[in-house]
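Numbering (the working numbering), first residue to last: 18 to 384.
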């Protein structure tokens, strides 16, 4: 009997060690991302109508979905449909055990898009992604109906199922001890460079670039916001960067995250697209201008409320380092030549003056 108990205890110990082994590292434990999707309600689909006349009437009408429960918990969502229609979109989510949040307007096209000729897919029929925190219900509304709508969902916090939540809790507890014991005290900044969290620290290995990395020039910086929830913890911020990367790569079909840098509300700067923070990496953040600029995204939505002072200070430090690094002043204007594109305000070949630090909407149709 004692031998049986001993063997049982040994098996349990081995199983526990196997479960927590991935957390035994000097880097914080990062759960594997999970992606899944679900179809929109049948009554909201243009194709559900029996005749072309009914379809035409249905297309013209706004549509509000019923509250929808996702099959798993999710952190980020986006909508995808067939065709090139660009309806006005708003979504809201219900956090686990909480109340419904406010409606968030969402762009009917990705925030960015690559330039033509880069080998990356130019995306139509897909919304910008929306950070949802820890949610299990969602609802959306459209100014017009679209065919074959699907909701694409991403979980990057290791909480999509009960089993994953247990595993993540155990590994995170072990990881916090391991990181404290194994991580040397070192500074992240080098010289005049601001502190930049490398891709490896937010899970870039789980969003590896597809295709070759493109290099261009940096003549200006375009400032974005990610049109996602602005309330998040420092841990959720890293998960949000990974979720956006996965959505850009897998749902939009791009080679990598579109932005060159991301800044959260705590003032933390994250390396975005792979290729080197000190190099002129061509992103997918300002279609028509990608090869001549760097893109900095503020994590959150800042149309009605300002970004935090910490984030603004970090963004200023980043710009003061990045532009002079490429021999470019931070003030004044510069002429950029449009490479064209569906979301670009100016036709291909047209030269337009831009401030050295410009907003995304200065060159593109965006939220």
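Each residue gets a CB set at the ideal place from its N, CA and C atoms; glycine is no exception.
**OP:** Compare the Cα-Cα distances from residue 257 to each of 84, 243 and 269 and report the closest residue.
**Re:** 243
**OP:** For the alpha helix (DSSP H) containing residue 337, list its first residue and its last residue.
**Re:** 326-342
Original post:
Cβ of residue 186 within 7 angstroms of any heavy atom in the ligand MN?
Top reply: The model on display carries no ligand, and the ligand MN is accordingly not part of it.
Subject >> Sufficient close CB pairs (3 or more, under 8 angstroms) joining the stretch 110-122 to the stretch 210-224 >> reply: no
Original post:
Can you tell me whether DSSP reads residue 52 as helix, strand or coil?
Top reply: strand
Original post:
Using the C-alpha atoms, what's the distance from residue 233 back to residue 371?
Top reply: 18 angstroms
Original post:
residue 217 by DSSP, collapsed to three states: which one?
Top reply: helix
Original post:
What three-state label does DSSP hand residue 365 in the structure shown?
Top reply: coil
Subject >> Identity of the residue in 46, 287 and 248 nearest residue 186 by Cα >> reply: 46
**OP:** Jot down the residue ranges of each uninterrupted beta strand (DSSP E) in the stretch 81-111, minimum 3 residues, whole runs only, in chain order.
**Re:** 85-97
Original post:
Short check: CB of residue 133 to CB of residue 275, under 8 angstroms?
Top reply: no
Original post:
Skipping 5 residues on each side, what residues in its chain have a beta carbon closer than 6 angstroms to that of residue 331?
Top reply: 280, 284 and 286
**OP:** Evaluate residue 266 with the Cβ neighbour count: other Cβ atoms within 10 Å of its Cβ, from every protein chain shown; 16 or more gives buried, anything less gives exposed.
**Re:** buried
Subject >> Per-residue burial, residue 153 [other beta carbons within 10 Å of its own, 16 or more giving buried] >> reply: buried
Original post:
What are the start and end residues of each continuous beta strand (DSSP E) run of 3 or more residues lying completely inside the stretch 130-161, in chain order?
Top reply: 147-159
**OP:** Could you tell me the distance, in whole angstroms, from the CA atom of residue 309 to the CA atom of residue 138?
**Re:** 19 angstroms
**OP:** Just the C-alpha distance for residue 259 and residue 59, rounded to the nearest angstrom, thanks.
**Re:** 31 angstroms
Original post:
Can the beta-carbon of residue 163 be found less than 8 angstroms from the beta-carbon of residue 107?
Top reply: no
Original post:
Which residues in the same chain have their Cβ closer than 6 angstroms to the Cβ of residue 263, if we skip the five residues on either side of it in sequence?
Top reply: 50, 171 and 224
**OP:** Could you give the DSSP three-state label for residue 375: helix, strand or coil?
**Re:** strand
Original post:
Per DSSP, what kind of secondary structure is residue 167 in: helix, strand or coil?
Top reply: strand
Subject >> Other residues of its chain near residue 99: CB distance less than 8 angstroms, five sequence neighbours each side excluded >> reply: 142, 163, 164 and 165
Original post:
Going by alpha carbons, who is nearest to residue 312 out of 292, 277 and 343?
Top reply: 277
Original post:
With 16 as the cutoff for other CB atoms within 10 Å, does residue 240 come out buried or exposed?
Top reply: buried
**OP:** Determine the contact status of residue 230 and residue 291, defining contact as a CB-CB distance below 8 angstroms.
**Re:** yes
Subject >> Beta carbon proximity, residue 263 to chain C, threshold 8 angstroms >> reply: Among the chains in the structure shown there is no chain C, since it carries only a single protein chain.
**OP:** Using 10 angstroms around the beta-carbon of residue 81, count the other beta-carbons present and answer buried if the total reaches 16, otherwise exposed.
**Re:** exposed
**OP:** List the DSSP bridge partners of residue 400.
**Re:** Because the chain here runs from 18 to 384, residue 400 falls outside it and cannot be looked at.
Subject >> Residues near residue 337 in its chain [Cβ-Cβ closer than 7 angstroms; skip 5 each side] >> reply: 347
**OP:** Inspect the beta-carbon positions of residue 13 and residue 210 and report whether they are closer than 8 angstroms.
**Re:** For the chain, the structure presents residues 18 to 384; residue 13 sits outside this window and is missing.
Original post:
If you run the structure through DSSP and keep just helix, strand and coil, what is residue 38?
Top reply: For residue 38, the pLDDT reaches just 44, beneath the cut-off of 50, and the residue's location in the model is therefore unreliable, although a value from the coordinates is still provided. Helix at residue 38.
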